[in-house]
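This report refers to the structure that appears directly beneath it.
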Amino acid sequence: MLFRMVKKSILNQKERMLIIALTVALGVSLITALLDVMLDIGDRMNRELKVYGANILVTPRGATLLKSWYRIGDEGEDGGNEEIFAASDAKGPQEPASTDERSASGGPAGGDGSKDRADPGMYLKESELGRIKTIFWAFNIVDFAPYLKSRVASEDGTPLTFVGTWFRHRLVLPTMEEVDTGMVSLKSWWQLEGAWPEAGDQVALGRALAGRLGLAPGSALTLDGRRFAVSGVFEAGGPEDGWIYGELDALQELKGLEDALDSVEISALTTPDNELSRRAAEDPSSLSVKEMETWYCTAYASSICYQLEEVLSGAMARPVRQVAAAEGAILEKTKLLMVLVTVLTAASSALGISNLVTAGVIERSAEIALMKAIGAHGRQVAIPVIASILVSALAGTAVGYGLGVWFASVIGKTVFNAVIEPQLAVIPAVLALVALICLTGSIGAIRMLLSLQPAQVLHGGRQ
Amino acid sequence: MKRSAFFWHMVLSSVIRRRARLLTALLAVGIGAAMLYGLAVLSYDVPKQMGREFRSYGANLIVAGDMKDDAIYLKILHLAPKDALVGAARMKLLPSRLREHPVTLTAADFDELRKTSPYWDVKGEYPAGDDEMLLGRSLASAFNLASGDRATLVGADGSEREFRISGIVQTGGREDELVFVRLQENSGYDIIECSLSLDLAGLERLAGEIRGLDPRLSPHIVKRLASSEAKVLGRLRYLVWIVSLVAAALTMVSVSTTMMASVAERRKEIGLRKALGASGRHVMTEFMAEAALLGLLGGALGVGAGQALAHYVSMSVFARGAGFQPVFALATVLAAVLVTIVACIRPVRRAAAVDPAVVLRGE
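Okay, here's the thing in structure tokens:
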């Protein structure tokens, strides 16, 4: 009889413990998955927001004002202003101080490619581009593309805007690493018919220009006396629709501007601006040594710009606020949203688990009262009960953690098409949370039971 | 202890224990329902609210044309869906010269511009009077001008006007090389920058309607913003849905385990009822009814808590409350009732199937 009672009690307890373990496992898997997603969401969303294009623009220090009159590098944030852009473009040739004119000096008129080296302050150096990937935050530079813009003459002498760039370029870094970068990944919203140029004698035309010249992918045109094949026609929804895009090397050769660039667009993963970064952007020398260190070692747009200026000679790097500021706002909202959802979900899971644990203890009131009736002290009663709950909760936590990591990876795969790495910091957090929930849940219930007289409880337990 | 006092203690403790059990079940159902409803409301609301946040990328529809008076502007404001319109700024571009350097003087509607282009970083103030101007940062540094300085602009017709610089604007884009002044009323304008929280199809429809107003107007959709927004927002919507789905599913499973536990604990009660002559079917129906009632009550409480939850999240993230969704509320209550009933079926049936004598004898 005694043996049967013990066996039955263990069996009963087993079932109860199994349910506690199962609930803990479900709660833990939910908390783990959400915590992993939450900790990774900033990085993931940051990458998603890269579709808006470059958030840092590098221009030569010496030529910023003059060049910007022609809005090089300003890739038409406002598509509707193209008339104005077109107007200023048309004004170009008559503008004596223009860089376009300078760079085109051997162009439309002679096309003899005389090697008049331009003022070095007016250009960036292509040979230095690899250094972009050597700055402190090199890992955060997602893509970059160099540009050189110039005027070329078509067969009948009409001046056209030619932009030389890297479409998809493999760059070998000084460290012998290889990086693939270029304009194609920066301009995700451009619609292309045909293909991007792959060789120096190919160009891509903006839709407006292609329409005007009556060209389509496959046709050919002569620019500055050199024949180019049209590999594709693109629609950008901005002033670029009136331009020609070709390989950087081809334009440099055509214009005799070896190694010259007049802007670099960079897409970087950045940390949203705060008071420190704003102060630093104003004047880095106003910071104390400690602040400077914090700023330099945080991926603010302004500190990345500062680091870029350090490695590129004669360069001026500026965050494109339209992209950088909006990105910051959206990232912060998304993060806050995920944090709140995670915290609330965790809280309700915790409440659910503690609810079950409390119920589990209360259901064992008869047993607890019996132990007390035969002379056990409060602690002697509480310890085995709490221990058994903790053991089953621990088993549940182990299973739940594995399940949670799997859920996180499923979310990462389906939503972002990327792996969400399980964060080690989640493990102690979850363990502490589970222990806390179980202890508060069971101690409260046990205290309540102990405060009642054993006889009352035993009587009530019979119902 | 006296007999009567002892009796009352018995009754009280029984009630406490019964109430504790009922509360446990109710709490479990309520939490589950709150999560379900709260997350559903958030999944529905967040993409819409986020869409508005994406407007910090600036204007996504630009209407260009020679507009003489405000009639067209008002018509466009009227055409745009009211809750989608974030701002619409009129602008007029005037070629001018600043210290012999050609600059584009932009007369703009600053109140609206601040809404359409929240990313502008202005050191100093936006121009308050007609004799004040906002200078682009590149121009300011090139000509060594600062807020408070005075500068003379020469118009295309040779007319000179002196302005006080009220602030320096910095965007890292085109605005750094422009000069801004206040747009005079009724002076005409040639650009309207509109910021609308609409998707590409909505923008295209609106652009078509604007073109229909006057064929000389040319509305342009800023493709870069519209198409990128669709991509990112799609991802975000997907994320919120998946997270909610996983959370809701797990919560529901957890609710049903709690329910199972609470019913399994009542095996003796079931045995007693059967011993007193109740049929298995009778016990079953009674338990189902109780579960349904519990689900209904827990579901209703959960909807209330879930609404508070969603409202709190929406308020803290977007500073805008979440509306009540009757359809979701109904679905949540139904789901709560369903889950409670389904969770009860197995343990009740199992308890009812066993011989009452065995159930009652077992500890």
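Same order as they appear, the protein sequences are chains A and B.
Taking our numbering, I'd label the letters of the first sequence as residues 1094 to 1556.
Taking our numbering, I'd label the letters of the second sequence as residues 258 to 620.
Every residue, glycine too, gets a C-beta built ideally from N, C-alpha and C.
Fair warning: this is a prediction, and the values are worked out from it, not measured in the lab.
Ranked by how close their Cα comes to the Cα of ILE1234(A), the residues LYS1242(A), SER1243(A), ARG1244(A) and LEU1222(A) have LEU1222(A) in first place. Boundaries of the beta strand (DSSP E) around THR1254(A): 1252 to 1258.
In this structure, PRO613(B) sits near LYS531(B), with a CB-CB distance shorter than 8 Å.
Residue ranges of uninterrupted beta strand (DSSP E) with 3 or more members, entirely inside the stretch 1274 to 1352 of chain A and ordered along the chain, are 1284 to 1287, 1295 to 1299, 1313 to 1316, 1319 to 1328 and 1337 to 1340. When DSSP assignments are scanned along the stretch 349 to 409 of chain B, the uninterrupted stretches of alpha helix (DSSP H) that are 4 or more residues long and fall wholly within it turn out to be 367 to 373 and 394 to 399. Look at the stretch 452 to 524 of chain B and you find these whole runs of alpha helix (DSSP H), each 4 residues long or longer: 457 to 470 and 480 to 521. Bridge pairing for VAL436(B): LEU362(B) and LEU392(B) [DSSP].
Not a single C-beta of chain A is nearer than 8 Å to the C-beta of LYS349(B).
Under the DSSP assignment, PRO1377(A) falls outside any alpha helix (DSSP H); it carries neither an H nor an E label. Inclusion of TRP1336(A) and THR1254(A) in the CB contact set at 8 Å is warranted, their separation being smaller than that value. Rounded to the nearest angstrom, the gap between the Cα atoms of ALA592(B) and GLY552(B) is 8 Å.
Secondary-structure assignment with DSSP links SER1360(A) through a beta bridge to ASP1236(A). Against GLN1415(A), the close residues of chain B are TYR314, GLY315, TYR376, THR428 and GLY430, in the order they occur along the chain (beta-carbon pairs closer than 7 Å). Interface criterion not met: the Cβ of SER452(B) is under 8 Å from no Cβ in chain A. Closer than 8 Å to the CB of SER536(B) there is not a single CB belonging to chain A.
Under DSSP, ALA532(B) takes part in no beta bridge, so it has no partner. For TYR383(B), there are no neighbours in chain A by C-beta distance under 8 Å, as the nearest C-beta there is about 16 Å away.
When the alpha-carbon of GLY405(B) is set against those of GLY381(B), LYS332(B) and ARG431(B), the nearest one is in GLY381(B).
In the DSSP annotation of this structure, GLY578(B) is not part of any alpha helix (DSSP H), being labelled neither H nor E. Short of 7 Å from the beta carbon of GLU1384(A), and not among the five residues preceding or following it, lie these beta carbons of its own chain, in chain order: LEU1369. Secondary structure at LYS325(B): coil, using DSSP grouped into helix, strand and coil.
The beta carbon of THR1451(A) sits closer than 8 Å to some beta carbon of chain B. Restricting attention to SER416(B), LEU402(B), TYR383(B) and VAL512(B), the CA atom closest to the CA of LEU283(B) is found in VAL512(B). For PHE420(B), the beta-bridge partners assigned by DSSP are ALA408(B). Distances from the alpha-carbon of GLY289(B) to those of PHE581(B), THR514(B), GLY465(B) and ALA458(B) put THR514(B) closest. Apart from sequence neighbours up to five positions away, the residues of its chain that approach VAL594(B) with a beta-carbon distance below 7 Å are ALA549, GLY552, LEU553 and GLY556, ordered along the chain. Secondary structure at GLU450(B): strand, using DSSP grouped into helix, strand and coil. Taking the Cα positions, GLY295(B) is about 6 Å away from LEU566(B). In this structure, ALA1231(A) and GLU1358(A) do not form a Cβ contact; the two beta carbons are roughly 17 Å apart against a cut-off of 8 Å. The beta carbon of ILE1134(A) lies closer than 7 Å to those of THR1427, LYS1428 and MET1431 in the same chain, with the five residues before and after it left out. If you compare the alpha carbons of PRO1153(A), LEU1217(A), GLY1489(A) and ASP1342(A) with that of SER395(B), the shortest gap goes to PRO1153(A). Residue environment for ASP326(B): exposed (fewer than 16 other C-beta atoms within 10 angstroms of its C-beta). Within the stretch 1378 to 1417 of chain A, complete beta strand (DSSP E) segments of at least 3 residues are found at 1408 to 1412, given in chain order.
Contact check for ALA364(B) against VAL438(B) passes: the beta carbons are separated by less than 8 Å. Secondary structure in the stretch 1445 to 1498 of chain A: the alpha helix (DSSP H) runs of 4 residues or longer, each lying completely within the stretch, are 1458 to 1466 in chain order. Beta-bridge partners assigned by DSSP to ARG347(B): ILE449(B).
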